[in-house]
Amino acid sequence: MTRTITPQTADRKNAHLDLAKDSQPLADHPLDAVSLPYCALPECDLNRVSLTTEFLGTELDAPLIITGMTGGTDRAMAINRVLADTAQKKRIALGLGSQRASLESGQSQAELRRLAPDAVLIGNLGGAQLAGKDGLKLARAAIEDIRANALAIHLNPLQEAIQPEGDHDWRGVLSAIETAVGTLNCPVLVKEVGAGLSGNVVRRLAAIGVRHVDVAARGGTNWAQIELNRRPATDRAHYAPFLSCGLMLPDAIAQARAVSNNLFIIASGGVRHGLDAAKCLWLGADLVGMAGQILRTVEDDLVICIQSS
28 MTRTITPQTA DRKNAHLDLA KDSQPLADHP LDAVSLPYCA LPECDLNRVS
78 LTTEFLGTEL DAPLIITGMT GGTDRAMAIN RVLADTAQKK RIALGLGSQR
128 ASLESGQSQA ELRRLAPDAV LIGNLGGAQL AGKDGLKLAR AAIEDIRANA
178 LAIHLNPLQE AIQPEGDHDW RGVLSAIETA VGTLNCPVLV KEVGAGLSGN
228 VVRRLAAIGV RHVDVAARGG TNWAQIELNR RPATDRAHYA PFLSCGLMLP
278 DAIAQARAVS NNLFIIASGG VRHGLDAAKC LWLGADLVGM AGQILRTVED
328 DLVICIQSS
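This note's numbering applies: residue 28 is where the sequence shown begins, and numbers increase by one.
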């Protein structure tokens, strides 16, 4: 029997979208302090430079992934349709936001695979949910629903600690990821959501067989800030000091790359434009992720389309 997403969950997901859309990268972003070596004698035809790269066995036209941000509501699905169509046409990768709400309500997102039959689509489930009683069942369902090329497991303890409805029990997550790596029929990617993966965490993940990580550092969409803004004003001073927790993007890339040269690293966390992307690749990333900048563009375009129809 098909269920519907609860009003409380829908309100939370839509509030996330509103607050994420309004969130801006740091004005003084640490990537601004990174200086790319300039070559005045390139000895190549700039018009013939290729940005193609391989990710999960598929050739992308650029080393870019639209990283997961939203899911579970009609509004989120409208956004994801546009993103799936874009990923297919531009030959870039797309990561979905958490599929937990849609899976638990029985609402399929299979349409996204129909819109993007050749694109790299990454499913998404929270680490706390993976460690739960039906975690592996949920993971398989997330993969099957969109015929995912990989499944992202997001680690977001800071966000959950501040979120009024957050999951606070993080016991058994590493073991659950190890089981998923050895059991699921597609690669498992592990990501943060805006506080960064430290070198120590990446090392522990690599030791259990994880080969793909998204460091998802500070500097972009701040999910801890988003949850803080959802709290009553009287609560905010208590949680506000924790907004400074986490790694900035250059440090997160460096720490992850120091773990292994064979690790596939996605760099996200406030990437604003092509120069930021080039800096991330130069620092050691294999792929660059963007979300907030793209969300703002898509939502604005959808509003224009609706108003003009």
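We treat Cβ as the ideally placed atom computed from N, Cα and C, and that holds for glycine.
Everything numeric in this text was worked out from a predicted model, so none of it was measured.
Among V220, T113, I204 and G246, which has the Cα closest to the Cα of C213?
-> Closest option to C213, Cα to Cα, is I204.
Express the C-alpha separation of M96 and A222 in angstroms, rounding to a whole number.
-> Distance between the alpha carbons of A222 and M96 is about 15 Å.
Which term fits P191, buried or exposed, when burial requires 16 or more other beta carbons within 10 angstroms of its beta carbon?
-> Looking at its Cβ environment, which holds fewer than 16 other Cβ atoms inside 10 Å, P191 is exposed.
Measure the alpha-carbon distance for L152 versus D72 and round it to whole angstroms.
-> Going by the C-alpha atoms only, they are around 43 Å apart.
Name the DSSP bridge partner or partners of A294?
-> For A294, which the question treats as bridged, DSSP gives the partners V315.
Report yes or no: do the segment 101-118 and the segment 140-148 share at least 3 C-beta pairs separated by less than 8 Å?
-> Counting Cβ pairs under 8 Å, three or more are found: they touch.
DSSP three-state assignment for G122, whether helix, strand or coil = Strand at G122.
Evaluate K160 with the Cβ neighbour count: other Cβ atoms within 10 Å of its Cβ, from every protein chain shown; 16 or more gives buried, anything less gives exposed.
-> With fewer than 16 Cβ atoms within 10 Å of its Cβ, K160 is classed as exposed.
What runs of the alpha helix (DSSP H), each 4 residues or longer, lie entirely inside the segment 81-153?
-> Listed in chain order, the complete alpha helix (DSSP H) runs (minimum 4 residues) inside the segment 81-153 are 101-117, 127-131 and 138-142.
Separation of L185 from P90, as counted between CA atoms | Computed Cα separation, rounded: 29 Å.
In or out: T324 buried (at least 16 other Cβ within 10 Å) or exposed?
-> It is exposed - the Cβ of T324 has fewer than 16 other Cβ atoms within 10 Å.
Looking at the structure shown, is V215 part of a helix, part of a strand, or coil, going by DSSP?
-> DSSP places V215 in strand when its eight states are reduced to three.
Measuring CA to CA, which of R174, G154 and L163 is closest to L121?
-> For L121, the closest alpha carbon among the candidates R174, G154 and L163 is that of R174.
Assign A177 to one of three DSSP states: helix, strand, or coil.
-> It is a strand residue.
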